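In our numbering, the protein residues as written are 286 to 413.
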């Protein structure tokens, strides 16, 4: 897969998340996907995302930086949102917070097979 093609697939994946189009998630995520070392599978990955949107109703994935080196994508995602209650163990409780997530994805056959994700929790702590 060439860099631009993989970048396009990734941007379509992010659009799918922002639309919460869970029926299409399997077009982008492998049935056996691994997230931060845990095998979640497609159903567990979907459940994780649905929980995120339930806890953060205004969640929106904004791609700030994107580097494509097939079969990998590295992305810095920006968030500006209002989690309802506790988020990452922090008592956010409806306050607006801004933070970033650094994520590396491994793709196989145009699907995400592995995700490594780190959220800037310190940025959230500094706002509380």
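C-beta atoms are modelled at their ideal positions from N, C-alpha and C, and glycine is treated no differently. As the structure is a computational prediction, the values presented were derived from the model and not from experiment.
If I'm right that residue i touches residue j with Cβ under 8 Å, what's the distance once you round it to whole angstroms?
{"i": "residue 360", "j": "residue 388", "result": "5 Å"}
{"i": "residue 301", "j": "residue 288", "result": "In fact, because the Cβ distance is near 20 Å, the residues do not count as touching under 8 Å."}
{"i": "residue 356", "j": "residue 393", "result": "6 Å"}
{"i": "residue 311", "j": "residue 327", "result": "6 Å"}
{"i": "residue 397", "j": "residue 306", "result": "With 8 Å as the limit, residue 397 and residue 306 do not qualify as a contact, their Cβ atoms being about 15 Å apart."}
{"i": "residue 382", "j": "residue 320", "result": "Actually they are not in contact, since the Cβ atoms of residue 382 and residue 320 sit about 22 Å apart, beyond 8 Å."}
Return helix, strand or coil for residue i, following the three-state DSSP convention.
{"i": "residue 246", "result": "The chain is shown only over 286 to 413; residue 246 falls outside these bounds and no answer can be derived."}
{"i": "residue 341", "result": "coil"}
{"i": "residue 299", "result": "helix"}
{"i": "residue 287", "result": "coil"}
{"i": "residue 354", "result": "strand"}
Less than 9 Å between the beta carbons of residue i and residue j, yes or no?
{"i": "residue 358", "j": "residue 351", "result": "yes"}
{"i": "residue 294", "j": "residue 395", "result": "yes"}
{"i": "residue 404", "j": "residue 386", "result": "yes"}
{"i": "residue 303", "j": "residue 346", "result": "yes"}
{"i": "residue 375", "j": "residue 410", "result": "yes"}
{"i": "residue 349", "j": "residue 367", "result": "no"}
{"i": "residue 384", "j": "residue 408", "result": "yes"}
{"i": "residue 292", "j": "residue 353", "result": "yes"}
How far does the beta strand (DSSP E) with residue i in it reach, from first residue to last?
{"i": "residue 399", "result": "396 to 404"}
{"i": "residue 317", "result": "314 to 320"}
Entirely within the stretch 360 to 393 and at least 3 residues each: give me those beta strand (DSSP E) ranges in chain order.
List check, beta strand (DSSP E) in window: 382 to 393.
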